[in-house]
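Note sheet for the following structure.
Numbering (UniProt numbering), first residue to last: 1 to 296.
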């Protein structure tokens with residue numbers, strides 16, 4: 001059976017995102033897989049896996065917003081900014097709850113500049129930053145803009161604060177926590193992280209690896225979100241006589257009063273994503289991505 005779609009898998013602790021990819025590859029008996037949005041080995045939660053022709057969607061999925069439940073521990077700073085790093089500094093805790101509520105207003109529903117941590121997979125001169133960090137070398141990094149859609153304090157307990165963060169691609173939660181701690185005259189590290197939502201994919205709908213291993217082919221097929229369901233564009237249906245023309249990616253003008261990007265169907269079959277642009281008194285259809293394959 002040929003599998004094509006997006007799997008919402010739950011990543012447990014102790015696995016890299018690449019580990020999960022390899023396990024899914026064996027379960028679905030396919031080589032064509034890719035994941036969107038790496039999770040650190042000790043983080044848990046939603047990891048969308050693209051299978052088959054859906055691998056074309058990885059870049060699109062990565063533009064979707066994400067949501068995390070994260071925990072900040074006060075009093076200690078580590079070299080990795082999380083619980084799995086080496087302690088490098090400690091300080092008496094200043095737990096003024098009102099101060100924390102005031103400080104998060106600086107980040108909530110804001111575009112902010114972040115300095116990527118040294119222990120990250122970003123590249124500098126062809127090497128990952130964590131490779132420099134492990135060699136004891138700190139290199140210059142450029143700040144980059146990210147967006148925090150919402151930042152909520154869920155609760156305080158002991159020396160820890162639990163947050164829910166919704167954010168854009170490229171946001172480092174441990175850096176966010178470190179900045180919040182600094183703004184409240186504290187040191188901190190991220191003590192836990194779980195991604196509870198990634199675009200349309202929610203943790204309550206995710207599949208565990210153990211469960212997937214028990215499924216037959218028909219059950220595995222049902223775990224996949226169809227490619228066309230990922231896109232939020234409106235749908236346009238064209239007459240079946242244009243099927244071959246459109247599915248081959250050939251441009252064609254239509255007498256239609258619509259413009260923009262759409263999900264394109266012919267004969268009730270999803271072909272891909274196309275854009276209608278003005279061409280004199282008609283609209284020219286340009287296919288941006290074709291997912292239909294006649295041999296599948």
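Backbone N, C-alpha and C define an ideal beta-carbon position, used for all residues, glycine too.
| said: Rounded to whole angstroms, what is the Cα-Cα separation between residue 212 and residue 225? | reply: 15 Å
| query | Buried or exposed: which applies to residue 288, given that a residue is buried once 16 or more other Cβ atoms fall within 10 Å of its Cβ? | reply | exposed
| query | Just reading off the beta strand (DSSP E) that residue 187 is part of, what are its end residues? | reply | Unbroken run through residue 187: none, as it is neither H nor E.
| task | Note down, in chain order, each residue of its chain lying with its Cβ closer than 8 Å to the Cβ of residue 187, except the 5 sequence neighbours on either side. | result | 74, 75, 76, 77, 89, 90, 91 and 181
| When DSSP labels each residue in this structure, what does residue 144 get in the three-state scheme? | strand
| query | Who are the Cβ neighbours of residue 84 in its own chain at under 7 Å, not counting the five residues just before and after it? | reply | 42
| request: With DSSP as the reference, please indicate the residues paired to residue 279 in a beta bridge. | output: 282
| query | So residue 20 is in the alpha helix (DSSP H); what residue range does that whole segment cover? | reply | 17-27
| query | Nearest-angstrom Cα distance between residue 178 and residue 189? | reply | 7 Å
| query | Leaving out five residues before and five after residue 255 in sequence, what residues of the same chain have Cβ atoms less than 7 Å from its Cβ? | reply | 282
| task | Evaluate contact between the region 56-70 and the region 158-172, counting only Cβ atoms and requiring at least three cross-stretch pairs below 8 Å. | result | yes
| message | Can you tell me whether residue 61 is helix, strand or coil according to DSSP? | response | helix
| field | 8 Å contact criterion, which residue 38 and residue 121 should meet: CB distance rounded | value | 7 Å
| query | So residue 264 is in the beta strand (DSSP E); what residue range does that whole segment cover? | reply | 260-266
| task | Have a look at the DSSP bridge pairing and note the partners of residue 33. | result | 51
| Residue nearest to residue 24 in terms of C-alpha spacing, selected from 128, 214, 127 and 124 | 214
| field | Residue from 81, 275, 126 and 21 whose Cα sits closest to the Cα of residue 46 | value | 21
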